[in-house]
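Numbering (my numbering), first residue to last: 33 to 195. Worksheet for the structure shown next.
Okay, structure coming up:
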C-alpha cells in the first residue's frame, strides 16, 4: 500500500539535492501542473498556492527573492548562504495516495537569523505526480528569519532571547 506514491516522493526529494536549475526541473518533473501547496499558519506567506507556477514563483521563489507583498515585505532567506539540501528524516506511506515526509532545512535569513526549520509534509500523489503538499513547520521561525519580526512574551516589549 502506497509503495508507488512513496517512490515518487523519494525520487522528487533526491532530485531536489542538486543545483537550483536541477531543483526547478525536479518540480516540473514530479509535480502535477495543477498541484497545491498549503503552508499552515498565519505568516504572510501562509496559505494555499494553486498551480506549479504559483508554488515556484509566489511561494518558494519569494523566500529567496525577498519582495513586497500585501502586509509585511518578505525579507527572505540569504542567497549568499546558499541552498542547503533538505535533511530527510523519514518518508512514510499512509493509506490511499498519501505520504508523510519529516525533514529539516538549513538556511539563513537575510537578517542573519539561522533558519533551521523542521517540517512535516503530508503529500498526496495522483497519477504518478505530486498533487498536493500540506506543510506544518515552525512558523514563528519564519516570522523571525524571513520577516525580521521579534517574538516577545505577552506584556513585554523585549524578546526573551535579548534580555
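Think of the CB as a built atom: it goes at the ideal place given N, C-alpha and C, for glycine as much as any other residue.
Inter-residue Cα distance where the pair is residue i and residue j
i           : j           : result
residue 132 : residue 38  : 9 Å
residue 57  : residue 88  : 11 Å
residue 62  : residue 188 : 47 Å
residue 74  : residue 117 : 26 Å
residue 67  : residue 59  : 10 Å
residue 136 : residue 152 : 9 Å
residue 41  : residue 122 : 11 Å
residue 148 : residue 134 : 13 Å
residue 126 : residue 157 : 11 Å
residue 36  : residue 160 : 8 Å
residue 107 : residue 95  : 8 Å
residue 114 : residue 129 : 33 Å
residue 43  : residue 150 : 20 Å
residue 170 : residue 49  : 22 Å
Range of the contiguous alpha helix (DSSP H) that encloses residue i
i           : result
residue 174 : 171–179
residue 43  : 35–47
Best match in the options for proximity to residue i [C-alpha to C-alpha]
i           : options               : result
residue 144 : 112, 61 and 45        : 112
residue 179 : 150, 146, 156 and 168 : 146
residue 166 : 70, 55 and 40         : 70
residue 65  : 48, 81, 55 and 85     : 85
residue 174 : 126, 91 and 42        : 91
residue 162 : 169, 154 and 168      : 154
residue 82  : 41, 107 and 164       : 164
residue 181 : 34, 55 and 76         : 76
residue 78  : 168, 119 and 44       : 168
residue 93  : 55, 72, 124 and 120   : 55
Unbroken beta strand (DSSP E) run spanning residue i, endpoints
i           : result
residue 186 : Here residue 186 belongs to no beta strand (DSSP E), and DSSP marks it neither H nor E.
Residue i classed as buried or exposed, judged by whether at least 16 other C-beta atoms fall within 10 angstroms
i           : result
residue 109 : buried
residue 186 : exposed
residue 46  : exposed
residue 139 : buried
residue 172 : exposed
residue 141 : buried
residue 183 : exposed
Per DSSP, the bridge partner or partners of residue i
i           : result
residue 151 : 135 and 169
residue 82  : 68
residue 118 : Residue 118 pairs with nothing; no bridge assigned.
residue 145 : Per DSSP, none; premise fails for residue 145.
residue 63  : 162
residue 156 : 130 and 164
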